[in-house]
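Novice: Take a look at this one; I'll ask things after.
Chains as they are written, first to last, in this note's numbering: chain A, 69 to 838; chain B, 101 to 373; chain C, 75 to 230.
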């Protein structure tokens, strides 16, 4: 009986539920026993020259070990020669250098509130804030560039040497001819607002430098990348750095690698010779951890009254924040996925990435693709409203058909497989679409204060976009019959220990409770890529599978030798985990016996799996909301989804990923936004102000099953981690607008707060009264 | 995250609390449930040198029937106000509103006295007690005095309590028609402070977060006593208010919400009788 | 100053700063690190423990205030190696992913079910308004709470 596809509860849980996880601040070890604490002094202003730093009052406080500034950073490796493009024409997910370069501790200019200016090291946890309060920094204010449109004016430059605020540009074609040929053309400016990633565990790092070796514990999504970065910055060879990733309390893209503040901690450990610990507060996290989305779109969609879309243009302005940590990578993905699930004859997509005096932007669950989906789904609804056609029907008339796969889009993506119409039909049926429209009609006819809105999204997204980087797995079966998987993946809630053990049990018949999974320690797993971009099952899981197959092949050779039989006659009974000659169960060998026979006393396969191509999961969401038209308040009543990422290894884990994605998607549509005032001061820097979504705002979700495999990897799977976020946001936003469309409302930007909705209703009513 | 260092004193009795307050004057703050003061201290927006912990004064936690009014000890926790059978029967508006403050964990610690002494106009209880025409009892070095709630709230986070006075009791007159109540709390999320809120008991209307203090909607009440229908009276809800502009709402939107919520509250209160 | 608490049935005494928060006392003095700090505005609930049997946010309680009282953390829930029904329900219903919010969630639900043994889904959701989770979307956490309530109903 195959275990794959069955519901298996997690092996990770008993420890987490009884003792709690061991996150970075929980670590208790001899090396960290007498670690000092790190507290940052951060810029309270958005844009200024630093004209003086006085650490004398802080330094003389009892319990203060050191106060360090950029003056102390004399032992860094020289930066690599740089052409300013960040590699790959500025589209690699790497920081830009040259005039755009981001320092560690601020040099002479601060460019966002929260930028680290000095580091205070104290014996005790509580003294840190006291001492940091005593560090006096003089700032000469510069005009703050707030928002991407301000950046484009160039009136104030963050990097005068660069000459502009626009580090990367890939302009879209501005050819209007395809639109002139359309009967109907709609234009719209659409905001995809700045969000805080907000993992429940913020950033946390510990570091100890002893006998020439640096050990860094970091809450990260990939230990190996951390090590690579630290090698480059500190000028140490890999053998002298060990990175250990403890339990991680959420990442969502913001914990890929090791960021600026954590690098400073690692450096300071070497500088002072003291073991150090740093755990940021939430207020620091909400200004210091990279944030997500922050795109401004201008779209043009043209088509005919029969519902066929003829042309679609999107111009993206990506707010990068003060430092371009990913060049054009995010908007590049947005443009790549711009046309979504539709076969549109003419697609024009381009972007400009700009810098502003705000927190730097990086990947956040979906990383460029939620933005693409949210906007094309808005565009399709706008087009549908313009021609007076049901939005479900318009979608149907424009889907890429099943027989068109693999499908090369006009923007250069090669979609592997998809059944978009099926997904839509499924959610429409699952939601009871006809009944919902009838209920909506009833409420409209009776002028109900509470109106019903039904929103649809159909989406496709790209996972394992860096499939060529692959993932690693080393599988070792020991002479006691247990197996250990050393994985390059880096789970932080995804349940890889359970999933990889399922794969081993499936392939080798070694029961899950005899399988241990190890990750996140560069001493134990020196080569690995990590968990982000929804890549781990298709790449990491495929690597585990590949390693299992190699172990099985080697085991067969050993067993044949031991049983004095031909390899072709030796079989593995996966149900019992026994090796035997076919038809002769009495002379069976256990895994332990076979492993013991191998040279070295164990069977080992150390592999990496790469994929030639990324994969394209897809789906459809329907959202049902109620809008109180007197106050503008939105209540999310139901959310029904199809999220198809191919065969489901473990429905428990897949559902969990979909749930989490839906909640974050709803949060963007309804509630969350990072706000700054006109001087670049953050207005949402605590959880009292940043409207993170809670259980009270959400319903239980209705998930439907759909599994369309891919041929790109041996498991046939795609990535599920980000799909829920991508599908949910547009469905909910469209639902809110749908609820008040009969009052003349065409568009409401996210988040659809009560004030925004009420304002839209008012303005539509004023317009209709004229 | 960490408060500025202070000296902690635990008071064993009301008189001891008052002695400590007199001794330390402006350097000291009372600590009741701690869920108004400690959050401020953790963000270093407040940094008293001395904290006088009142949580040991268990005899200031009670809800008792005094005939024409219900007496509530100042240190009665929101949880206990919410679940008081006496209040649910006699002043359901108050029992309900106490259950709206914060979340369950906060309600296990926060006290009615602490909340109103903190005097945040965005809090639910100050406006509710204003609507109920409560009387506050304060004890100081000069003895005990009664303060009508209309004189209690002076400004943003400002009450008429002297620095060396301790709020000991809240007296809530039993409304003639206990069931004629409504509390409308408008928020984006369940956990949020009210963007605007409205408390109604009979024809008395209180507003949450429409100014620097909780307010009675005097013009609405006057219209009602002139015989206006609820919807018409509610049209006056924003008069005499000075609502703030902030990230949640503009002043104009708050004024609109006040009108809507007052109308709904009056309608609901009347529907219960 | 000296504070003296009973934590998970054991006496813990320590000499600490007056300003020490209960959550840091538990983590750093009592060495019970399951209870986590997730924010600094009493918003997220990751620090939820039971104080004299009721859920509180331990980041907003001074260790000094808790002196002389009883605290229960996640580590103290299981009895004789057997998981509490809420812990068991979280396991069965996949109510946790990264696990960081989980100790606070579990303690909040233990307290909620003590006060309301048969909650509706809506009451569970409202009861968790002070507990944030970023991973699970809350769906399975709510299922776990309701499943635990059912189990306790059967065994009560």
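Cβ atoms here follow ideal geometry from the backbone N, Cα and C, with glycine treated the same way.
Just so we're clear, the structure is a prediction, and the values are computed from it rather than from any experiment.
What are the start and end residues of each continuous alpha helix (DSSP H) run of 4 or more residues lying completely inside the region 327-392 of chain A, in chain order?
Specialist: Runs found: 328-340 and 350-356.
Novice: Which whole runs of the beta strand (DSSP E) in the region 119-152 of chain A are 3 residues long or more, in chain order?
Specialist: DSSP runs (the beta strand (DSSP E)) wholly in the region 119-152 of chain A: 132-136.
Novice: Does the Cβ-Cβ distance between residue 219 of chain A and residue 423 of chain A come in under 8 Å?
Specialist: Position 151 of the first chain, counting from 1, holds the residue named residue 219 of chain A. Position 355 of the first chain, counting from 1, holds the residue named residue 423 of chain A. Against a cut-off of 8 Å, the Cβ pair of residue 423 of chain A and residue 219 of chain A comes out as a contact.
Novice: List, in chain order, every chain B residue whose beta-carbon is nearer than 9 Å to that of residue 76 of chain C.
Specialist: Reading the third chain from its first residue, position 2 is the one you call residue 76 of chain C. Per Cβ cutoff of 9 Å: no residues; residue 76 of chain C is ~11 Å from chain B at best.
Novice: Report yes or no: is there a C-beta of chain A within less than 8 Å of the C-beta of residue 114 of chain C?
Specialist: As a first step, residue 114 of chain C is located in the third chain; it is residue number 40 there, counting from the start. So, interface residue.
Novice: Do you know how far the Cα of residue 556 of chain A is from the Cα of residue 521 of chain A?
Specialist: To locate residue 521 of chain A, count along the first chain from 1; it is residue 453. To locate residue 556 of chain A, count along the first chain from 1; it is residue 488. Residue 521 of chain A and residue 556 of chain A: Cα-Cα distance of roughly 44 Å.
Novice: Determine the direct distance from the alpha carbon of residue 318 of chain B to that of residue 60 of chain B, and round the result to whole angstroms.
Specialist: Chain B is shown from 101 up to 373; residue 60 of chain B falls before or after that span and cannot be answered.
Novice: Report, in whole angstroms, the separation of the C-beta atoms of residue 267 of chain A and residue 317 of chain A, which I expect to be a contact under 8 Å.
Specialist: For the purposes of this step, residue 267 of chain A is identified with residue 199 of the first chain, where counting begins at 1. For the purposes of this step, residue 317 of chain A is identified with residue 249 of the first chain, where counting begins at 1. Correct: roughly 6 Å between the Cβ atoms.
Novice: Using 8 Å as the cut-off, can you tell me whether the region 598-606 of chain A makes contact with the region 780-789 of chain A, which would need three or more C-beta pairs spanning the two stretches below that distance?
Specialist: In short, these stretches touch, since the Cβ pair count reaches three.
Novice: Determine, using beta-carbon pairs with one atom in the region 147-154 of chain C and one in the region 288-305 of chain A, whether at least three such pairs fall under 8 Å.
Specialist: Verdict: no, contact absent.
Novice: Starting from residue 441 of chain A, trace the alpha helix (DSSP H) in both directions and tell me its first and last residue.
Specialist: Counting from 1 along the first chain, the entry for residue 441 of chain A is found at position 373. Note, residue 441 of chain A: alpha helix (DSSP H), 437-455.
Novice: Should the region 239-246 of chain B be regarded as contacting the region 141-160 of chain B, the criterion being three or more beta carbon pairs within less than 8 Å?
Specialist: The region 239-246 of chain B vs the region 141-160 of chain B: no contact.
Novice: On the three-state DSSP scale, how would you describe residue 291 of chain B?
Specialist: Taking the second chain and counting its residues from 1, the one referred to as residue 291 of chain B is at position 191. Coil at residue 291 of chain B, not helix or strand.
Novice: Nearest-angstrom Cα distance between residue 175 of chain A and residue 185 of chain A?
Specialist: Counting from 1 along the first chain, the entry for residue 175 of chain A is found at position 107. Counting from 1 along the first chain, the entry for residue 185 of chain A is found at position 117. Roughly 8 Å between the two C-alpha positions.
Novice: Answer yes or no: do residue 699 of chain A and residue 229 of chain B have a C-beta to C-beta separation smaller than 8 Å?
Specialist: Numbered from its first residue, the first chain carries residue 699 of chain A at position 631. Numbered from its first residue, the second chain carries residue 229 of chain B at position 129. No, they are not a contact pair.
Novice: State the Cα-Cα distance for the pair residue 804 of chain A and residue 137 of chain B, rounded to the nearest angstrom.
Specialist: For this step, residue 804 of chain A is matched to residue 736 along the first chain. For this step, residue 137 of chain B is matched to residue 37 along the second chain. Each residue's alpha carbon lies about 39 Å from the other.
Novice: Quick check: what's the CA-CA separation for residue 230 of chain C versus residue 220 of chain C?
Specialist: Here residue 230 of chain C is taken as the residue at index 156 of the third chain, counted from 1. Here residue 220 of chain C is taken as the residue at index 146 of the third chain, counted from 1. Its pLDDT being 48, under 50, residue 230 of chain C is placed unreliably by the model, and nothing is read from it.
Novice: Tell me whether the beta-carbon of residue 167 of chain A lies closer than 8 Å to the beta-carbon of residue 114 of chain A.
Specialist: Within the first chain, numbered from 1, the residue matching residue 167 of chain A stands at position 99. Within the first chain, numbered from 1, the residue matching residue 114 of chain A stands at position 46. Not a contact, by the Cβ cut-off of 8 Å.
Novice: Chain B partners of residue 139 of chain C, CB-CB under 8 Å?
Specialist: Your numbering for residue 139 of chain C matches position 65 in the third chain. Those within 8 Å of residue 139 of chain C in chain B are 131, 134, 153 and 155.
Novice: Nearest-angstrom Cα distance between residue 578 of chain A and residue 437 of chain A?
Specialist: Here residue 578 of chain A is taken as the residue at index 510 of the first chain, counted from 1. Here residue 437 of chain A is taken as the residue at index 369 of the first chain, counted from 1. Rounded to whole angstroms, residue 578 of chain A to residue 437 of chain A spans 39 Å at the Cα level.
Novice: Looking at C-beta atoms only, is the number of pairs between the region 104-120 of chain C and the region 302-322 of chain B that lie closer than 8 Å three or more?
Specialist: Short answer: they don't touch.
Novice: Would residue 200 of chain C count as contacting chain B if we go by Cβ distances under 8 Å?
Specialist: Within the third chain, numbered from 1, the residue matching residue 200 of chain C stands at position 126. Yes, its Cβ sits closer than 8 Å to a Cβ of chain B.
Novice: For the region 409-425 of chain A against the region 759-776 of chain A, are there 3 or more C-beta pairs whose distance is under 8 Å?
Specialist: The region 409-425 of chain A is not in contact with the region 759-776 of chain A.
Novice: Between which two residues does the alpha helix (DSSP H) holding residue 658 of chain A run?
Specialist: Residue 658 of chain A sits at position 590 when you count from the first residue of the first chain. Careful: residue 658 of chain A lies outside any alpha helix (DSSP H), inside the beta strand (DSSP E) at 652-658.
Novice: Once you ignore the five residues that flank residue 144 of chain A on each side, which residues in its own chain have a CB closer than 8 Å to its CB?
Specialist: Stepping through the first chain from its first residue, residue 144 of chain A is reached at position 76. So the qualifying residues of the chain are 172, 301, 302, 303 and 335.
Novice: Alpha carbon to alpha carbon, how far is residue 488 of chain A from residue 528 of chain A?
Specialist: Within the first chain, numbered from 1, the residue matching residue 488 of chain A stands at position 420. Within the first chain, numbered from 1, the residue matching residue 528 of chain A stands at position 460. The straight-line gap from Cα to Cα measures roughly 9 Å.
Novice: Out of curiosity, what's the CA-to-CA distance linking residue 734 of chain A and residue 588 of chain A?
Specialist: Taking the first chain and counting its residues from 1, the one referred to as residue 734 of chain A is at position 666. Taking the first chain and counting its residues from 1, the one referred to as residue 588 of chain A is at position 520. Each residue's alpha carbon lies about 31 Å from the other.
Novice: Hey, does residue 102 of chain B have any beta-carbon neighbour from chain A nearer than 8 Å?
Specialist: Position 2 of the second chain, counting from 1, holds the residue named residue 102 of chain B. By this cut-off, residue 102 of chain B is an interface position.
Novice: By the DSSP assignment, the beta strand (DSSP E) with residue 648 of chain A in it spans what residues?
Specialist: Residue 648 of chain A sits at position 580 when you count from the first residue of the first chain. 646-649 is the extent of the beta strand (DSSP E) around residue 648 of chain A.
Novice: For residue 681 of chain A, collect the residues of the same chain with a Cβ closer than 8 Å to its Cβ; drop the 5 residues on either side in sequence, then sort them by chain order.
Specialist: Within the first chain, residue 681 of chain A is the residue found at index 613, counting from 1. Closer than 8 Å at the Cβ level, and outside the excluded window around residue 681 of chain A, lie 482, 484, 535 and 780.
Novice: Taking all protein chains shown into account, do 16 or more other C-beta atoms lie within 10 angstroms of the C-beta of residue 122 of chain B, making it buried, or fewer, making it exposed?
Specialist: Translated into positions along the second chain, residue 122 of chain B becomes position 22. With fewer than 16 Cβ atoms within 10 Å of its Cβ, residue 122 of chain B is classed as exposed.
Novice: Look at the Cβ atom of residue 479 of chain A, then the Cβ atom of residue 403 of chain A, and state whether they are nearer than 8 Å.
Specialist: Along the first chain, one-based indexing puts residue 479 of chain A at 411. Along the first chain, one-based indexing puts residue 403 of chain A at 335. In this structure, residue 403 of chain A lies closer than 8 Å to residue 479 of chain A by Cβ.
Novice: Pop quiz: residue 212 of chain B and residue 179 of chain B are said to be a contact at Cβ under 8 Å. What is the actual Cβ separation, rounded to whole angstroms?
Specialist: Taking the first residue of the second chain as 1, we reach residue 212 of chain B at position 112. Taking the first residue of the second chain as 1, we reach residue 179 of chain B at position 79. Their Cβ separation, rounded to whole angstroms, is 11 Å, which puts residue 212 of chain B and residue 179 of chain B out of contact at 8 Å.
Novice: Pull up the DSSP beta-bridge partners for residue 270 of chain B, would you.
Specialist: For the purposes of this step, residue 270 of chain B is taken as the residue at position 170 of the second chain. Beta-bridge pairing links residue 270 of chain B to B:172 and B:236.
Novice: On the DSSP bridge assignment, give the partners of residue 260 of chain A in chain order.
Specialist: Position 192 of the first chain, counted from the first residue, corresponds to residue 260 of chain A. According to DSSP, residue 260 of chain A bridges with A:363.
Novice: Beta carbon of residue 340 of chain B, beta carbon of residue 135 of chain C: below 8 Å?
Specialist: The residue labelled residue 340 of chain B in the question sits at position 240 within the second chain. The residue labelled residue 135 of chain C in the question sits at position 61 within the third chain. Contact flag unset, no.
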